[in-house]
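Have a look at the structure below before the remarks.
Number of protein chains: 2
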Amino acid sequence: MSSSPPGPPVPSLPSEVAVVNVGLSLFADAIAAQGRPVADVDWRIPAGGDPEAVAALRRLYGPRATAIDEANAEVVRRLDTGVPLLIGLAPAADVVPGLGERTILHCGPPIAWADVCDPLRRSIRAAVMAEGWAADPDEAGALVEKGEVTLEPANHHDTVLPMASAVGPSAWMWIVENRDGGTRAFSAINQGPGEVPWFGRETPAAVERLRFLREVAGPLLNEAVGAAVAAGGPIDVFAVAAQGLQMGDDVHMRTQASTNLLIRTLLPHLLALESPARVELGRFLAGNHLFFLNVAMAAARSLIAWARDVDGSSIVVGMARNGTTFGVRLPGSDEWHLAPSPPVGHALYYSGQGPETSAPDIGDSALLELVGLGGPAAAGSPAVAGFVGGTMADAIKLTRDMDQICAGRSSRFKLALLDFRGTPIAVDVRRVVETGITPRINTGILHVSDGSGQVGAGVAVAPVECFRTALLALDRKLSS
Amino acid sequence: MSSSPPGPPVPSLPSEVAVVNVGLSLFADAIAAQGRPVADVDWRIPAGGDPEAVAALRRLYGPRATAIDEANAEVVRRLDTGVPLLIGLAPAADVVPGLGERTILHCGPPIAWADVCDPLRRSIRAAVMAEGWAADPDEAGALVEKGEVTLEPANHHDTVLPMASAVGPSAWMWIVENRDGGTRAFSAINQGPGEVPWFGRETPAAVERLRFLREVAGPLLNEAVGAAVAAGGPIDVFAVAAQGLQMGDDVHMRTQASTNLLIRTLLPHLLALESPARVELGRFLAGNHLFFLNVAMAAARSLIAWARDVDGSSIVVGMARNGTTFGVRLPGSDEWHLAPSPPVGHALYYSGQGPETSAPDIGDSALLELVGLGGPAAAGSPAVAGFVGGTMADAIKLTRDMDQICAGRSSRFKLALLDFRGTPIAVDVRRVVETGITPRINTGILHVSDGSGQVGAGVAVAPVECFRTALLALDRKLSS
Chain A
7 MSSSPPGPPV PSLPSEVAVV NVGLSLFADA IAAQGRPVAD VDWRIPAGGD
57 PEAVAALRRL YGPRATAIDE ANAEVVRRLD TGVPLLIGLA PAADVVPGLG
107 ERTILHCGPP IAWADVCDPL RRSIRAAVMA EGWAADPDEA GALVEKGEVT
157 LEPANHHDTV LPMASAVGPS AWMWIVENRD GGTRAFSAIN QGPGEVPWFG
207 RETPAAVERL RFLREVAGPL LNEAVGAAVA AGGPIDVFAV AAQGLQMGDD
257 VHMRTQASTN LLIRTLLPHL LALESPARVE LGRFLAGNHL FFLNVAMAAA
307 RSLIAWARDV DGSSIVVGMA RNGTTFGVRL PGSDEWHLAP SPPVGHALYY
357 SGQGPETSAP DIGDSALLEL VGLGGPAAAG SPAVAGFVGG TMADAIKLTR
407 DMDQICAGRS SRFKLALLDF RGTPIAVDVR RVVETGITPR INTGILHVSD
457 GSGQVGAGVA VAPVECFRTA LLALDRKLSS
Chain B
7 MSSSPPGPPV PSLPSEVAVV NVGLSLFADA IAAQGRPVAD VDWRIPAGGD
57 PEAVAALRRL YGPRATAIDE ANAEVVRRLD TGVPLLIGLA PAADVVPGLG
107 ERTILHCGPP IAWADVCDPL RRSIRAAVMA EGWAADPDEA GALVEKGEVT
157 LEPANHHDTV LPMASAVGPS AWMWIVENRD GGTRAFSAIN QGPGEVPWFG
207 RETPAAVERL RFLREVAGPL LNEAVGAAVA AGGPIDVFAV AAQGLQMGDD
257 VHMRTQASTN LLIRTLLPHL LALESPARVE LGRFLAGNHL FFLNVAMAAA
307 RSLIAWARDV DGSSIVVGMA RNGTTFGVRL PGSDEWHLAP SPPVGHALYY
357 SGQGPETSAP DIGDSALLEL VGLGGPAAAG SPAVAGFVGG TMADAIKLTR
407 DMDQICAGRS SRFKLALLDF RGTPIAVDVR RVVETGITPR INTGILHVSD
457 GSGQVGAGVA VAPVECFRTA LLALDRKLSS
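Residue numbers (our numbering), protein chains in the order written: chain A, 7 to 486; chain B, 7 to 486.
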């Protein structure tokens with residue numbers, strides 16, 4: 007055996023190993039499993055290596071980046087600082103701009119009757135019946151078929167409708183004003199649980215619910231909101247939502263806390279109603295924990311309407327599904343970029359239901375995910391955690407996914423779990439295409455075909471194709 | 007230089023250092039600051055080395071441990087599984103057992119008028135005036151002074167009262183039943199914010215609030231609760247509290263969510279009230295986010311009443327303050343173990359207020375901390391985090407402190423941040439004395455002397471002396 011020579015120490019394996027892993031996390035997982043520290047850099051080939059998208063990204067992140075970033079900053083400012091104020095309700099015919107006489111507004115991008123999915127088809131027929139234009143579903147369907155009733159996307163009339171909602175001119179609408187931006191937006195009164203058209207039902211009870219909303223809920227709520235506004239000024243919808251977020255709402259899938267806050271604000275004015283029908287309204291409100299959803303949607307739409315004016319921005323300012331197509335819009339354009347509506351994943355189903363009985367993702371409520379509510383707010387909601395793995399760590403992961411594709415953070419929607427930082431807002435189409443991460447949308451699920459209503463809820467992952475189309479359109483526009 | 011000999015490898019310093027630190031965490035902090043792993047075992051000399059307490063602990067953890075642990079398990083079962091049901095309201099004179107005609111019930115342990123602190127003194131005088139026994143504060147005080155009005159601790163009549171509350175026989179009380187245990191408990195209607203006796207005020211407006219509660223709120227709430235009970239059965243108070251906890255309430259310092267849930271449950275029945283005074287009730291409810299506090303307290307008291315029967319247990323089944331003394335009770339005994347009421351720490355003050363203008367800790371609400379609400383539930387409440395350091399990590403620390411002195415965990419009050427484990431319940435007097443950690447109580451703070459009402463809120467740390475006295479009494483009792 008030889009002894010070691012004197013001199014500099016013999017190089018040896020380091021006593022500690024630390025690793026930076028780039029790319030496939032499988033390697034990182036293996037190292038972490040051996041108990042060593044590892045920083046996992048989740049690098050993927052941008053845009054999945056798609057040459058057309060990569061070329062567009064090179065331009066949109068390169069020479070055009072400064073102009074785009076400036077436009078985006080203005081969109082972030084509008085989405086973050088605009089103050090949507092609830093001022094009252096009125097029949098759609100009286101307030102919704104450009105609404106024709108025999109028109110039904112529906113959720114999602116434009117669609118031909120032949121392509122409408124089963125739950126929305128039923129909801130549209132229910133709305134036609136509630137208007138008194140037809141006595142039964144067949145007759146209602148025939149009117150639409152023959153073009154005697156016109157279908158219009160609600161979004162084309164500053165209106166947003168959740169799930170499979172469809173409404174006619176007599177439906178009462180929430181009116182929300184964004185005074186800084188000079189914009190207004192509308193949403194119908196949430197129809198509540200059970201046998202209701204927005205869940206794809208067209209039974210007599212479902213049609214009756216639309217009549218109740220028109221005859222009882224609309225006028226009485228307007229009286230109460232009017233009194234509240236007279237007493238304390240218009241209601242700051244996003245201030246209510248911000249409180250709700252501190253109370254476990256994501257303000258999309260769950261609006262329990264925000265609903266209760268709004269009801270307590272209205273309470274003295276509800277109790278001041280003289281009509282005995284107030285008791286019926288009370289039963290409806292007590293049983294509807296998604297009552298605030300539509301108010302939040304109208305509020306979001308009033309800010310989106312303002313942001314849509316900022317030409318040259320890469321921030322998504324429209325995201326809606328009709329159960330057949332999923333569409334996004336960019337500022338300065340009326341164009342919808344479409345992809346097939348995806349299934350809803352991370353779902354919890356009612357007994358006996360599953361993916362095979364589920365309709366694809368549907369409704370305008372996905373616009374909430376553009377303003378920092380829903381998926382971006384997951385880290386604030388134990389209820390959402392139940393859908394994405396069960397722990398708050400899972401919910402935080404969902405928020406962090408949204409961080410990667412968003413251009414800003416809300417200054418009003420705060421996450422207690424993340425030391426009160428704001429929720430991600432303003433989805434940048436460049437980041438979506440670059441990373442392949444698309445918005446996560448917390449949503450309900452309807453039966454695909456039998457008109458039995460809701461079958462579950464879950465988190466939908468937006469399809470990347472429509473974002474890619476939007477990116478290419480932006481690139482073409484800025485290159486021309 | 008000599009070369010190394012062949013043979014076994016030369017012992018050397020380990021390439022990695024990991025440390026288990028026992029005792030003062032300063033050492034651990036220093037090691038952690040050097041980036042090395044450290045497990046900090048927070049060991050202290052038990053009972054601070056107090057020989058009498060150490061000897062008692064040796065017996066209560068030694069030969070008597072099995073019997074005590076069995077009794078404690080039964081107390082945990084009662085506190086955890088009892089179902090407090092809200093059944094209605096009635097005037098104290100009609101339902102509170104053993105209540106004399108000219109008696110005022112007050113918060114906290116028994117106390118002589120001469121020792122009553124300023125805010126409680128004012129509140130008692132306001133209650134005497136509201137009963138119509140005196141026309142002004144001086145006259146009211148003289149009646150008590152002369153013994154023409156009797157002071158009784160509410161706790162001696164199955165009743166609990168928050169902050170500086172005091173009530174006479176005409177005050178309407180919440181009635182909560184624990185049917186498994188055959189116990190009932192009571193609390194007054196929460197007086198709301200502003201110029202109110204429970205905050206130590208005795209102005210005409212404060213007295214008027216007591217009259218409003220008696221003439222308007224009590225009867226109308228009873229009508230609404232009665233209708234709700236008739237329609238859906240008694241209201242499970244802790245089911246509401248459990249939901250509230252998922253919505254950011256600690257259900258002590260903050261009851262916003264639970265209040266709103268209860269109001270929405272009552273909504274149809276409130277709207278069915280025919281009395282035009284319902285509007286006044288509506289204004290009161292809309293402005294009172296601590297409305298649920300007293301209901302939760304009566305519910306907790308109904309379980310405590312059941313747990314008090316379990317002789318030989320070391321679980322605290324009474325914890326109350328009158329602003330002068332802080333008292334605890336153990337099962338199988340009516341004895342109060344007292345210490346001076348402590349100041350409230352971790353406080354946030356209204357402008358111009360501070361420790362020098364603050365009365366000591368006051369009210370019966372500390373019993374919530376025995377059943378898993380308040381301090382033990384801090385990890386569920388962003389609002390509480392604001393008082394103890396600002397982050398949810400600080401709030402979690404508070405819950406973990408309570409873990410160290412509690413014998414069980416709630417199966418209904420779940421903490422989303424801690425993967426939905428239950429809040430700590432059932433404070434074991436042995437652990438309190440052993441560790442020196444006392445219950446943390448989330449509470450409001452009143453002005454010490456000028457009758458101006460609330461000056462802030464914070465987290466009170468219970469004084470260890472009364473737990474020590476209770477421990478020694480238990481040891482004596484079990485040794486005799």
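Think of the CB as a built atom: it goes at the ideal place given N, C-alpha and C, for glycine as much as any other residue. Just so it is clear, the structure is predicted and the values come from calculations on it, not from any experiment.
When secondary structure is reduced to three states using DSSP, A/M303 falls in the helix class. From the beta-carbon of A/M259, no residue of chain B is found nearer than 8 Å; the closest lies around 14 Å away. A/L157 is a Cβ neighbour of A/W119, given a cutoff of 8 Å.
The region 354-436 of chain B is shown to contain whole beta strand (DSSP E) runs of 3 or more residues at 412-421, 427-433, in chain order.
B/F332: member of the beta strand (DSSP E) spanning 331-334, first to last residue.
For A/D340, the three-state secondary structure derived from DSSP is coil. For the 8 Å CB-CB criterion, B/S129 and B/N300 do not form a contact. In this structure A/A96 is not in contact with A/I195, their Cβ atoms being roughly 12 Å apart against a cut-off of 8 Å. Straight-line measurement puts the Cα of A/I321 at about 28 Å from the Cα of A/A399. Three or more Cβ pairs closer than 8 Å define a contact, and the region 342-357 of chain B meets that threshold against the region 450-464 of chain B. Boundaries cannot be given for A/I51, as no alpha helix (DSSP H) includes it and DSSP labels it neither H nor E. Between B/M259 and B/V390 the beta-carbon gap is near 6 Å, inside 8 Å, which marks them as a contact. Distance from the CA atom of B/V470 to the CA atom of B/I447, rounded to whole angstroms, is 13 Å. Between the region 170-178 of chain B and the region 107-115 of chain B, the count of C-beta pairs closer than 8 Å reaches three or more; the two stretches touch. B/H163 and B/P116 do not touch by the CB rule: their CB atoms are close to 12 Å apart, not below 8 Å. Residues of chain B with a Cβ closer than 7 Å to the Cβ of A/A383 do not exist; the shortest Cβ-Cβ separation is about 14 Å. Against B/V285, the close residues of chain A are P274, L277, A278, in the order they occur along the chain (beta-carbon pairs closer than 8 Å). Proximity of A/L291 to chain B, defined by a Cβ-Cβ separation below 8 Å, is satisfied. For B/D317, the three-state secondary structure derived from DSSP is coil. For the C-beta of A/P97, not a single chain B residue is nearer than 7 Å; the gap to the nearest is close to 24 Å. Between B/A191 and A/L421, the alpha-carbon positions lie close to 38 Å from each other.
A/V454 is not a Cβ neighbour of A/T330, given a cutoff of 8 Å. In this structure B/S387 is not in contact with B/A372, their Cβ atoms being roughly 17 Å apart against a cut-off of 8 Å. No Cβ-Cβ contact shorter than 8 Å links A/I269 with A/L92. From the beta-carbon of A/L267, the residues of chain B found nearer than 7 Å are N266. In the three-state reduction of the DSSP assignment, A/G187 falls in the coil class.
According to the DSSP secondary-structure assignment, B/M325 is paired through a beta bridge with B/V334. A contact between stretches requires three or more CB pairs, one per stretch, nearer than 8 Å, and the region 288-304 of chain B fails this requirement with the region 50-67 of chain B. A direct Cα-Cα distance of roughly 11 Å separates B/I368 from B/D124. For A/R270, the nearest beta carbon of chain B is closer than 8 Å to its own beta carbon. Annotation for A/E158: no alpha helix (DSSP H) segment contains it, though the beta strand (DSSP E) segment containing it runs 156-159.
The C-beta of B/L423 comes closer than 8 Å to at least one C-beta of chain A. In the DSSP assignment, B/V235 falls within the alpha helix (DSSP H) that extends over 224-238. By the Cβ rule, the region 346-353 of chain B does not count as touching the region 303-312 of chain B, because fewer than three pairs are nearer than 8 Å. Residue pairing by DSSP places B/P469 in no beta bridge whatsoever.
Closest in C-alpha terms to B/P382, from the list B/P337, B/L344, B/G428, comes B/G428.
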